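In this note's numbering, the protein residues as written are 240 to 334.
Glycine is no exception: its CB is placed at the ideal position from the N, C-alpha and C atoms.
The model shown is predicted, which means the values in this text are computed figures rather than measured ones.
Heads up: the structure comes next, in structure tokens.
Put into structure tokens, the structure is as follows:
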């Protein structure tokens, strides 16, 4: 039983790490505005407009952007914004 509890705790720790990004001036969390993330993390290494959300009628609505930070200790962080709000944080070890 104790091993299962430890495994669950480790799994939750890994999952939570993807929900936020520790930066020099604070922690960027899901739901933050682009201006808040820039104030906390500084200028991204790159920014790309990757598309738009679509409503039920197929019309374009909200812009989707991807910002890349890194490498930080060998890791790259990919932040996805939808309508100017942080939706997702992914990370990948650089080559």
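For residue 305, the three-state secondary structure derived from DSSP is strand. A straight-line Cα-Cα distance of about 38 Å links residue 265 and residue 297. Within the DSSP bridge table, the entry for residue 280 names no partner. When the Cα atoms are used, residue 332 and residue 317 turn out to be separated by approximately 11 Å. Across the structure, residue 301 and residue 327 are spaced so that their CA atoms are roughly 15 Å apart.
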